Amino acid sequence: MDAIEPLHSEDGPDFDDAGSAFGDSAPRPIGSTPLEEAVLSRLDEDKAQDIVLIDLKGKSAMADAMIVASGRSHRHVGAIADHLLRTLKEHGLGKARVEGLPHCDWVLIDAGDVIIHLFRPEVRTFYNIEKIWAVDSAHRTARD
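Under the working numbering, the residue at position 122 of the sequence shown is numbered 122, and the numbers go up by one with no gaps.
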């Protein structure tokens, strides 16, 4: 069956020859552990946006990695969180702690060695937690 072509640009995203929407050029991060890789794969399958993997080894004793991603809406963030919880349960982490699920503006999932933050884009921009944990952030660099 042939795909229906959109009549106008607002009817759907433009696609390049590889089949991905323009603007999705950033490659998916690669996890260093099976748990990180499972979470990143699930986020990619669920069409999470702007996926960032932050290595916390040597920076924090609370986890080895932090993954930050965005969903397009409250419903998308909630669906991604639900799918991640199922994936974590399949990996033997059925008791992962979750915060923020009823509102789905910012959902935090604590899976032990990996902490996952799911945001709506506006909320992610407001809190900007990637900047807090960046190696070269202002509060971590030497001042002249």
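Quick reminder that beta carbons are idealized off the backbone N, C-alpha and C, glycines included. As the structure is a computational prediction, the values presented were derived from the model and not from experiment.
A Cβ-Cβ separation of about 17 Å leaves E130 out of contact with V77 under the 8 Å criterion. Between the region 88-100 and the region 62-72 there are fewer than three inter-stretch CB-CB distances shorter than 8 Å, so the stretches are not counted as touching.
Per DSSP, the unbroken beta strand (DSSP E) holding L108 starts and ends at W106 to D110. Across the structure, I54 and A63 are spaced so that their CA atoms are roughly 11 Å apart. C-alpha of L84 to C-alpha of N128: approximately 22 Å in a straight line.
Secondary structure note for I51: its beta strand (DSSP E) is the uninterrupted segment Q49 to D55. When the alpha-carbon of S73 is set against those of W133, K59 and V123, the nearest one is in V123. Between the alpha carbons of A134 and E36 lies a gap of roughly 19 Å. Look at the region 28-96 and you find these whole runs of alpha helix (DSSP H), each 4 residues long or longer: 34-45 and 74-90. Counting along the chain, the unbroken alpha helix (DSSP H) around R124 starts and ends at P121 to Y127. The alpha-carbon separation between A81 and I115 amounts to approximately 12 Å.
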